[in-house]
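Structure record follows, encoded as structure tokens.
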């Protein structure tokens, strides 16, 4: 099986080997040292400033999104949400559930945010902006510099879901003045799902201590206090945190964040060159290195996904809802190679011969 999905992605043999080991007890000085090293490397790769902190939460990326909203925002806030697909909609749903006042900036499928669209909200007393920098459902990578400048001018709390973009695309948390950056273990970190990570600014930390979320498990004050000693409030996904440690050190050993992004960009470029001439359309104003969104012109996207899975042992990433027949996505994160790209393209060519695409 070759896994081109957007997550969980393929892990290296070393990460899989660690996953097969017995999980150790974690209330120890050894595990605390490992967690402090994890925090140091995450902050380093996010290019966060020295006053930033990282929180490791046992839960999916959605848990981290919800934790961020309930710990930093209240009913007194006035929030802008950029909504261009399934994951922008998830921020909308979270704010709705928790009675956080919000306004959506609804984008057409495949479209980036524009300066003109943001102008409408200048000086309107908004307090925060939420965005999924890479709207993974459509493949659009938003103009994060444009959004950052808007937040700076309007003094907005800047919350960024970079779950599928972190380690795949350039992201300078300090320069962009991002207050919360969210990512997860199963994307470009290429570990099993189960851990989400929040990189928080000094401003965000202050808000966390000021607010009182109606939650025990997702109260980030406890997470911050425990992180001072390299621990978590409750039992974490210990094995995955050990795998994350190995993966972060691997990235550092191989040249750091720049080399990791360069590798992913090369894989994406190689794949996009190889599919030229096939009956596919890429409908995105701005692509991430992490994913190529493909609209097959001649057949159902979901049918192609099923045939690749069942007959070729290759997984691409299907879409759900009204996009299931319209688009599938090919990921470039995880333990993939250009040779893997060629195998997928060969399968596409065979499907073309068979009259399926």
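In my numbering, the protein residues as written are 137 to 493.
Heads up, the beta-carbon is just placed ideally off N, CA and C, and yes, glycines get one too.
Go to residue i, then tell me how far its beta strand (DSSP E) extends in each direction, as first and last residue.
| i | result |
| --- | --- |
| residue 189 | 189–194 |
| residue 238 | 238–242 |
| residue 428 | 427–432 |
| residue 216 | 215–219 |
According to DSSP, residue i sits in a beta bridge with which residue or residues?
| i | result |
| --- | --- |
| residue 270 | 277 |
| residue 317 | 296, 335 |
| residue 139 | 451 |
| residue 423 | 276 |
| residue 179 | Residue 179 pairs with nothing; no bridge assigned. |
| residue 265 | 216, 294 |
Along the chain, where does the alpha helix (DSSP H) that runs through residue i open and close?
| i | result |
| --- | --- |
| residue 389 | 374–389 |
| residue 233 | 222–233 |
| residue 418 | Per DSSP, residue 418 belongs to no alpha helix (DSSP H) and is neither H nor E. |
| residue 326 | Looking at the DSSP string, residue 326 is not in any alpha helix (DSSP H), and its letter there is neither H nor E. |
| residue 411 | Taken as a continuous stretch (DSSP letters only), residue 411 belongs to no alpha helix (DSSP H), as it is neither H nor E. |
| residue 92 | Within the shown structure, residues of the chain are numbered from 137 to 493, placing residue 92 beyond reach of any answer. |
| residue 310 | 309–312 |
| residue 153 | 149–155 |
Put residue i into one of helix, strand or coil per three-state DSSP.
| i | result |
| --- | --- |
| residue 210 | coil |
| residue 359 | helix |
| residue 287 | helix |
| residue 483 | helix |
| residue 466 | strand |
| residue 170 | helix |
| residue 404 | helix |
| residue 203 | helix |
| residue 158 | coil |
| residue 370 | coil |
| residue 248 | coil |
| residue 488 | helix |
| residue 440 | helix |
| residue 345 | helix |
| residue 461 | coil |
| residue 198 | helix |
| residue 304 | coil |
| residue 340 | helix |
Within the same chain, show all residues whose beta-carbon is closer than 7 Å to that of residue i, passing over the 5 residues directly before and after it, in chain order.
| i | result |
| --- | --- |
| residue 381 | 170, 173, 174 |
| residue 448 | 483 |
| residue 351 | 206 |
| residue 406 | 474, 477 |
| residue 489 | none |
| residue 242 | 219 |
| residue 412 | none |
Excluding the 5 residues preceding and the 5 following residue i in the sequence, name in chain order all residues of the same chain whose CB lies nearer than 6 Å to its CB.
| i | result |
| --- | --- |
| residue 84 | Outside the shown range of the chain (137 to 493) lies residue 84, about which nothing can therefore be said. |
| residue 269 | 278, 280, 296, 298, 301 |
| residue 217 | 227, 228, 238, 240, 266 |
| residue 366 | 168, 171, 172 |
| residue 141 | 451, 453, 467 |
| residue 339 | 315 |
| residue 197 | 299, 320, 332 |
Within a Cβ cutoff of 8 Å, which residues of the same chain sit near residue i, ignoring the five residues on either side of it in sequence?
| i | result |
| --- | --- |
| residue 462 | 431, 437, 455 |
| residue 440 | 432, 452, 464, 487, 492, 493 |
| residue 210 | 236, 347 |
| residue 150 | 382, 386 |
| residue 289 | 258 |
| residue 146 | 138, 139, 326, 470, 471, 472 |
Can at least three beta-carbon pairs, one atom from the stretch 237–254 and one from the stretch 404–424, be found at a separation below 8 Å?
-> yes
Would you call the stretch 223–235 and the stretch 369–382 in contact, with 3 or more CB pairs under 8 Å?
-> no
Taking three-plus beta-carbon pairs below 8 Å as touching, is the stretch 352–365 in contact with the stretch 185–196?
-> Here the stretch 352–365 makes contact with the stretch 185–196; the two share three or more CB pairs at distances below 8 Å.
Pair every Cβ in the stretch 183–190 with every Cβ in the stretch 308–324, then say whether three or more of these pairs are closer than 8 Å.
-> Under the 8 Å Cβ criterion, the stretch 183–190 counts as touching the stretch 308–324, having at least three qualifying pairs.
Should the stretch 390–400 be called in touch with the stretch 251–261, which here means at least 3 C-beta pairs below 8 Å?
-> no
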